[in-house]
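Using this note's numbering, you'd call the opening residue of the sequence shown number 106 and step up by one each time. Note that the Cβ used here is the ideal one computed from N, Cα and C, for glycine as well. Remember, predicted model here, so these are calculated numbers, not experimental data. Written below as structure tokens is the structure these notes are about.
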Amino acid sequence: MFWNWQPILPQRLRSSINASTYSTVDRIDSLEESMKALDDTRLRRLGRSLSYRARAGEPTDELLIETFAATREAGRRTLGMRHYDVQLLAGIALVHGSIVEMQTGEGKTLVATLPLMLYALAGRGAHLATVNDYLAKRDAEWMQPIFKALGLTVGIVESEMDFDTRRNAYAKDVTYGTAKEFGFDFLKDRLMQRELKEGRINLGATLMGEARSGDSKLLQRPYWFVLVDEADNVLIDEARTPLIISSPDGEMGEREQRKAALFHFACKLADTMVQDVHYEYDPQKRSAELLGVGRSTVRASIRPRLVDSVSMLELYDSVELALRGKIAFIRDRHYVVRDKKDEPGQEIVIIDEFTGRIAEGRSWRDGLHQAVEAKEGLEVKTGRGGHAARITIQDLFA
Numbered sequence: 106m107f108w109n110w111q112p113i114l115p116q117r118l119r120s121s122i123n124a125s126t127y128s129t130v131d132r133i134d135s136l137e138e139s140m141k142a143l144d145d146t147r148l149r150r151l152g153r154s155l156s157y158r159a160r161a162g163e164p165t166d167e168l169l170i171e172t173f174a175a176t177r178e179a180g181r182r183t184l185g186m187r188h189y190d191v192q193l194l195a196g197i198a199l200v201h202g203s204i205v206e207m208q209t210g211e212g213k214t215l216v217a218t219l220p221l222m223l224y225a226l227a228g229r230g231a232h233l234a235t236v237n238d239y240l241a242k243r244d245a246e247w248m249q250p251i252f253k254a255l256g257l258t259v260g261i262v263e264s265e266m267d268f269d270t271r272r273n274a275y276a277k278d279v280t281y282g283t284a285k286e287f288g289f290d291f292l293k294d295r296l297m298q299r300e301l302k303e304g305r306i307n308l309g310a311t312l313m314g315e316a317r318s319g320d321s322k323l324l325q326r327p328y329w330f331v332l333v334d335e336a337d338n339v340l341i342d343e344a345r346t347p348l349i350i351s352s353p354d355g356e357m358g359e360r361e362q363r364k365a366a367l368f369h370f371a372c373k374l375a376d377t378m379v380q381d382v383h384y385e386y387d388p389q390k391r392s393a394e395l396l397g398v399g400r401s402t403v404r405a406s407i408r409p410r411l412v413d414s415v416s417m418l419e420l421y422d423s424v425e426l427a428l429r430g431k432i433a434f435i436r437d438r439h440y441v442v443r444d445k446k447d448e449p450g451q452e453i454v455i456i457d458e459f460t461g462r463i464a465e466g467r468s469w470r471d472g473l474h475q476a477v478e479a480k481e482g483l484e485v486k487t488g489r490g491g492h493a494a495r496i497t498i499q500d501l502f503a
């Protein structure tokens with residue numbers, strides 16, 4: 106399922122496929138023989154001519170027929186893959202801002218080249234956002250000859266890329282990557298801009314992986330066109346999971362030490378409790394609520410010195426959070442414990458529930474990350490509670 110993000114209002118698919126749309130396909134078909142007659146040099150020259158017209162401000166609707174016809178010929182010539190008429194219809198629907206559902210084997214990877222080519226002509230960058238690095242790399246390398254035949258460049262954004270390689274990928278005419286990588290790079294750029302505005306470069310430079318504190322380069326250009334693959338998964342299934350960049354940990358003062366002690370104490374209390382006796386657990390909401398017996402256990406507990414001034418209400422909340430971390434988040438399924446890269450000790454690293462890959466730089470919010478750290482017997486970093494930046498995929502493409 107594809108969804109086109111561009112500055113126009115989405116429409117229903119059936120409202121985008123009408124008599125006019127079929128007429129457009131007929132006009133594309135009428136150019137097929139003339140496109141076949143072009144040699145490779147003249148086909149590339151046509152691509153450059155279309156790009157010049159797009160950059161000069163000619164509307165995409167006026168470029169669509171020639172661009173789709175040229176893209177179809179490039180696919181036939183370079184990959185032996187000719188766009189069928191029904192695939193042209195899907196491409197037109199995407200250009201008009203519709204959601205298009207295609208079954209496995211119906212050629213959505215090939216269909217994507219049509220709107221990507223059309224919007225990439227303007228020189229402002231066209232993105233395809235998919236669900237994992239493997240698909241992004243596979244599709245980019247597979248479809249690259251089509252874009253190259255018309256004089257356009259293709260880049261791939263992958264999770265392990267350094268700053269310069271990543272920035273170069275965004276500078277290409279067409280960029281393939283995951284929605285999450287696009288989102289995190291967007292956040293990094295916003296942080297860099299904020300640091301520059303405030304005259305502080307350290308945090309932005311650290312997140313960019315830059316050693317030079319004065320380097321003000323940004324990763325991305327402003328978004329112009331994004332085609333979202335697996336739109337139902339990206340925009341609906343993952344709606345509840347924001348992209349978050351956490352603030353770096355600072356030194357622990359007395360206040361932070363009290364918070365850390367509270368998480369460890371709550372975790373010890375949670376370990377003594379039995380479900381449906383001391384607390385109730387809701388698997389749908391991933392939430393735990395203390396029952397009367399559980400609250401009595403908390404009240405009767407002997408608190409360490411650093412926790413003795415904590416209110417009973419805060420202690421209840423902390424124990425419920427510890428129960429949630431204990432039950433709902435499973436090691437090697439939702440997170441891993443690994444050695445820190447730059448300092449002694451171990452840390453919690455989240456596993457992306459959708460891709461199954463390590464989600465570098467992400468943390469759970471509202472104290473949950475610290476609760477899991479306490480559960481695993483690690484040092485609790487209360488400074489991690491601060492978020493330097495956050496956004497949802499929906500907001501990113503809104």
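Note: residue 443 is bridge-paired with 452 in the DSSP secondary-structure output.
Its chain contains 207 as the residues whose beta carbon lies nearer than 6 Å to that of residue 213, once the 5 sequence neighbours on both sides are disregarded; these appear in chain order.
The beta carbon of residue 252 lies closer than 6 Å to those of 259 and 279 in the same chain, with the five residues before and after it left out. Residue 495 is bridged by DSSP to 349. When secondary structure is reduced to three states using DSSP, residue 127 falls in the helix class. Residue burial annotation: residue 417 is exposed, with fewer than 16 other C-beta atoms found within 10 angstroms of its C-beta.
The residue among 466, 328, 197 and 456 with its C-alpha nearest the C-alpha of residue 446 is 466. If you draw a straight line from the Cα of residue 226 to the Cα of residue 268, it is about 26 Å long.
Within the same chain, Cβ atoms closer than 7 Å to the Cβ of residue 149 are found at 254, 255 and 256, the five residues on either side in sequence being excluded. For residue 439, the closest of 192, 454, 402 and 428 by C-alpha to C-alpha distance is 454. Short of 7 Å from the beta carbon of residue 215, and not among the five residues preceding or following it, lie these beta carbons of its own chain, in chain order: 180, 186, 188 and 192.
Judged by beta-carbon spacing, residue 487 lies within the 7 Å limit of residue 364, meaning their Cβ atoms are closer than that value. A residue is called buried once 16 or more other Cβ atoms fall within 10 Å of its Cβ, and residue 382, having fewer, is exposed. Counting along the chain, no beta strand (DSSP E) covers residue 244; the unbroken alpha helix (DSSP H) around it starts and ends at 238-254. For residue 209, no beta strand (DSSP E) run applies, since DSSP gives it neither H nor E.
For residue 258, the three-state secondary structure derived from DSSP is coil. The continuous alpha helix (DSSP H) containing residue 191 extends over residues 190-200. Within its own chain, the residues whose Cβ lies closer than 7 Å to the Cβ of residue 159, once the five positions on either side in sequence are excluded, are 168, 226 and 227, listed in chain order. The C-beta distance from residue 367 to residue 441 rounds to 25 Å, too long to fall under 8 Å, and the pair is not in contact. Minimum Cα-Cα distance from residue 292 among the listed residues 337, 200, 338 and 350 corresponds to 350. For residue 280, the beta-bridge partners assigned by DSSP are 232 and 260. Taking 7 Å as the cut-off, the beta carbon of residue 196 is found closer than this to the beta carbon of residue 219. When the Cα atoms are used, residue 145 and residue 139 turn out to be separated by approximately 13 Å.
Under DSSP, residue 380 forms a beta bridge with 384. For secondary structure counted as the beta strand (DSSP E) over 3 or more consecutive residues, the segment 383-427 holds these complete runs in sequence order: 384-387 and 392-395.
Residue 449 and residue 497 have their alpha carbons spaced roughly 33 Å apart. Under the three-state reduction of DSSP output, residue 203 falls in the strand class.
Annotation: residue 128 to residue 265 spans about 46 Å, alpha carbon to alpha carbon.
With respect to residue 261, residue 231 sits apart: the two C-beta atoms are not nearer than 7 Å. Straight through space, the alpha carbons of residue 474 and residue 444 are spaced by roughly 16 Å.
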